[in-house]
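One structure is given below, encoded as structure tokens.
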Amino acid sequence: MKWIDMVLVFALMGVMSLIGNTIGYKLPLAEAAIGYVIMMAITLIGILLARIVPFKLPMVFWISIIALLSTSPLSPVAKPIIAYTSKIDFLALCTPILAYAGLSVGKDLPMFKQMSWRIVVVALAVYTGTFVFATMIAEVMLRVEGLI
Amino acid sequence: MAVLRNWKIHVFALIIVIISELIGTKRIPLGPGVLLFLPMLYAMIIGGIISWPRLKAVKLDEMNTASTILSLTALMLVTKLGVIIGPSMAKLAQSGLALSLQELGHFLGTVIFGLPIALALGLGREAIGATFSIDREPNIAIIAEKYGLNSPEGRGVMSVYICGTLFGAVWLGLLAGYLAALKVFHPYALAMGAGVGSGSMMAAASGAIKAVFPEHANDILMYAGASNLLTTIIGIYFSLFVSLPITEYLYKVLKPILGRNADKAAGEGVSK
Numbered sequence: 001m002k003w004i005d006m007v008l009v010f011a012l013m014g015v016m017s018l019i020g021n022t023i024g025y026k027l028p029l030a031e032a033a034i035g036y037v038i039m040m041a042i043t044l045i046g047i048l049l050a051r052i053v054p055f056k057l058p059m060v061f062w063i064s065i066i067a068l069l070s071t072s073p074l075s076p077v078a079k080p081i082i083a084y085t086s087k088i089d090f091l092a093l094c095t096p097i098l099a100y101a102g103l104s105v106g107k108d109l110p111m112f113k114q115m116s117w118r119i120v121v122v123a124l125a126v127y128t129g130t131f132v133f134a135t136m137i138a139e140v141m142l143r144v145e146g147l148i
Numbered sequence: 001m002a003v004l005r006n007w008k009i010h011v012f013a014l015i016i017v018i019i020s021e022l023i024g025t026k027r028i029p030l031g032p033g034v035l036l037f038l039p040m041l042y043a044m045i046i047g048g049i050i051s052w053p054r055l056k057a058v059k060l061d062e063m064n065t066a067s068t069i070l071s072l073t074a075l076m077l078v079t080k081l082g083v084i085i086g087p088s089m090a091k092l093a094q095s096g097l098a099l100s101l102q103e104l105g106h107f108l109g110t111v112i113f114g115l116p117i118a119l120a121l122g123l124g125r126e127a128i129g130a131t132f133s134i135d136r137e138p139n140i141a142i143i144a145e146k147y148g149l150n151s152p153e154g155r156g157v158m159s160v161y162i163c164g165t166l167f168g169a170v171w172l173g174l175l176a177g178y179l180a181a182l183k184v185f186h187p188y189a190l191a192m193g194a195g196v197g198s199g200s201m202m203a204a205a206s207g208a209i210k211a212v213f214p215e216h217a218n219d220i221l222m223y224a225g226a227s228n229l230l231t232t233i234i235g236i237y238f239s240l241f242v243s244l245p246i247t248e249y250l251y252k253v254l255k256p257i258l259g260r261n262a263d264k265a266a267g268e269g270v271s272k
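Protein chains in written order, with the numbering used here: chain A, 1 to 148; chain B, 1 to 272.
Take a look at the structure:
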């Protein structure tokens, strides 16, 4: 995807997230908007790094590194970044993302109709298994270590 | 400016967001727990209804655009979680052992829970592709390379992938919200569990846990984000070198035991 398109997509998502953020979570619009622009810049820098760094690592890795460093105790601008980005609720970001996920559902429906109910049960078991087993191990380990 | 050519899809998305946020979070008691409905669940469902092929409201080209936008915008969640983790890296390091070991639950939970059920339902080698991992894009690539996508294993991985795209987030959101409301598990443990390695599923699960324990909101997102990052990055290698061989082995051992009565159904396990 071209840079101009990526910036446009993030800007559109920003408008939707900020509207949702104001309606659903009653957070201050102006500060949230600054927070969103900061996060958008971090994301774009991460994507840029993933494209120009010669050894191949996923975009998720680079974006995480930049985001982590920007608010870590090492960063001179950590305080304002934390203050502004905290004005954007995580859930307000999720709503537009899942709206697009929903709007793309139709393309998978023809194949889904070919599938038997058995595989649907198996899929639910797979998602349940990964979440529940990890939660159980985490619960045991956090208790053993006395962290909770 | 190719994104703007399909402008209708953005108008739909905007309207969906406004309606979903206006409805807001709803809690419906069910048994000992609570079913938690978040705005993002309405967004997914309303979007799904609008894109229903019968309605002809959204063209295939527009659905593909929506799908591309989905994978790009999901990166904003990674950023949001990153800026939350940053200030508390020392705290996160303290729980490093728990965080690392619970990844085994993410990687092997799919097989331990999914494979016996798949075999009991009469699936053949489809079960291997279906249950060796959470079956997102990198895992499809592994199966495609090893067996090809037209093999039984390939059909298994593709079917679970599609189920995940269609209702993985809705399912995990409801499941995580319900388990959290039972107050059996600590919110930190649930948060780590929520990092299943798919952006939308992690978002739905951790969002639900956060809604049940608002006083721990930041810590929940921190643990879920860190766990999701580990699952995503290590998961590619783990599912190739460890999970897949284990699933193959367990399939050979369990198939004669669990698949005995289900032989009639074999072959129709994935398609009707």
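C-beta atoms are modelled at their ideal positions from N, C-alpha and C, and glycine is treated no differently.
The structure presented is a predicted model; accordingly, all values stated were derived computationally and were not measured.
Residue contact check for Leu-93 (chain A) against chain B: a CB pair falls below 9 Å. The C-beta distance from Gly-96 (chain B) to Leu-68 (chain A) rounds to 15 Å, too long to fall under 8 Å, and the pair is not in contact. In the DSSP assignment, the residues bridged to Arg-27 (chain B) are B:Leu-36. At a beta-carbon threshold of 9 Å, the residues of chain B lying near Ala-138 (chain A) are Ser-95, Ala-98, Leu-99, Leu-101, Gln-102, Gly-105, Phe-185, His-186, Tyr-188, Ala-189, Leu-190, Ala-191, Met-192, Gly-193, Tyr-223 and Ser-227, ordered along the chain. Secondary structure in the region 161-195 of chain B: the alpha helix (DSSP H) runs of 4 residues or longer, each lying completely within the stretch, are 169-182 and 187-194 in chain order.
Per DSSP, reduced to three states, the secondary structure at Met-1 (chain A) is coil, with no helix or strand assignment. Leaving aside the five residues that flank Thr-95 (chain A) on each side, the residues in its chain whose CB is nearer than 8 Å to its CB run, in chain order, Met-16, Ser-17, Gly-20 and Gly-24.
By the criterion of at least three beta-carbon pairs nearer than 8 Å, the region 174-185 of chain B is in contact with the region 26-34 of chain B. Inclusion of Ala-101 (chain A) and Ala-169 (chain B) in the CB contact set at 9 Å is warranted, their separation being smaller than that value. Under the Cβ distance rule, Ala-144 (chain B) does not count among the residues neighbouring chain A, no pair being separated by less than 9 Å. Ile-38 (chain A) carries a helical assignment under DSSP once its states are collapsed to helix, strand and coil.
Taking a C-beta cut-off of 9 Å against chain B, the contacting residues of the region 51-70 of chain A are Leu-57, Pro-58, Met-59, Val-60, Phe-61, Ile-63, Ser-64, Ile-65, Ile-66, Ala-67, Leu-68, Leu-69 and Ser-70, listed in chain order.
Relative to Val-105 (chain A), the option among B:Thr-65, B:Met-202 and B:Leu-119 whose CA is nearest is B:Thr-65. The DSSP assignment places 89-94, 96-120, 126-131 and 137-147 as complete runs of the alpha helix (DSSP H) inside the region 88-159 of chain B, in order along the chain (cut-off: 4 residues).
Taking 9 Å as the cut-off, the beta carbon of Ala-134 (chain A) is found no closer than this to the beta carbon of Gly-199 (chain B). Between Leu-12 (chain A) and Ala-92 (chain A), the alpha-carbon positions lie close to 14 Å from each other.
What Gly-114 (chain B) touches in chain A, judged by beta-carbon distance under 7 Å, is Val-122, Ala-125, Val-126 and Gly-129, going in chain order. Exposed is the label assigned to Ala-30 (chain A), since fewer than 16 other Cβ atoms lie within 10 Å of its Cβ. Within chain B, the C-beta atoms nearer than 9 Å to that of Val-132 (chain A) come from Gly-105, Gly-109, Phe-113, Leu-175, Leu-179 and Gly-193, in chain order. Boundaries of the alpha helix (DSSP H) around Leu-221 (chain B): 217-238. Exposure of Pro-28 (chain A) is indicated by the presence of fewer than 16 other C-beta atoms within 10 angstroms of its C-beta. Among the CB atoms of chain B, one or more fall inside 9 Å of the CB of Glu-145 (chain A).
Selection B:Gly-24, B:Ala-57 and B:Leu-38 evaluated against Ile-9 (chain B) yields B:Ala-57 as nearest (Cα-Cα). Interface annotation for the region 39-66 of chain B against chain A: Pro-39, Met-40, Ala-43, Met-44, Ile-45, Ile-46, Gly-47, Gly-48, Ile-50, Ser-51, Trp-52, Pro-53, Val-58, Leu-60, Met-63, Asn-64 and Ala-66, criterion Cβ-Cβ distance under 7 Å. The C-beta separation of Lys-107 (chain A) from Leu-60 (chain B) comes to about 6 Å, placing the pair in contact by the 8 Å criterion.
Per the Cβ contact rule, the region 124-133 of chain A is in contact with the region 105-118 of chain B (3 or more Cβ pairs under 8 Å).
With distances taken between CA atoms, Ala-226 (chain B) lies nearest to B:Ala-98 out of B:Val-242, B:Thr-131, B:Leu-55 and B:Ala-98. Following the DSSP letters along the chain, one finds Trp-62 (chain A) inside the alpha helix (DSSP H) bounded by residues 59-71.
Residues of chain B whose Cβ lies closer than 9 Å to the Cβ of Leu-29 (chain A) do not exist; the shortest such Cβ separation is about 14 Å. Judged by beta-carbon spacing, Leu-258 (chain B) lies beyond the 9 Å limit of Ile-142 (chain B), meaning their Cβ atoms are not closer than that value. For Ile-34 (chain A), no chain B residue has a Cβ inside 9 Å of its Cβ, as the nearest lies near 13 Å away. In this structure Gly-173 (chain B) is in contact with Leu-38 (chain B), their Cβ atoms being roughly 6 Å apart against a cut-off of 8 Å. For the region 94-112 of chain A, the set of residues with a beta-carbon nearer than 9 Å to any beta-carbon of chain B comprises Cys-94, Thr-95, Pro-96, Ile-97, Leu-98, Ala-99, Tyr-100, Ala-101, Gly-102, Leu-103, Ser-104, Val-105, Gly-106, Lys-107, Asp-108, Leu-109, Pro-110, Met-111 and Phe-112, in chain order. Note on Asn-150 (chain B): under 16 other CB atoms within 10 angstroms of its CB, so exposed under the neighbour-count rule. If you look at Val-77 (chain A), you'll find it isn't in any alpha helix (DSSP H); DSSP assigns it neither H nor E.
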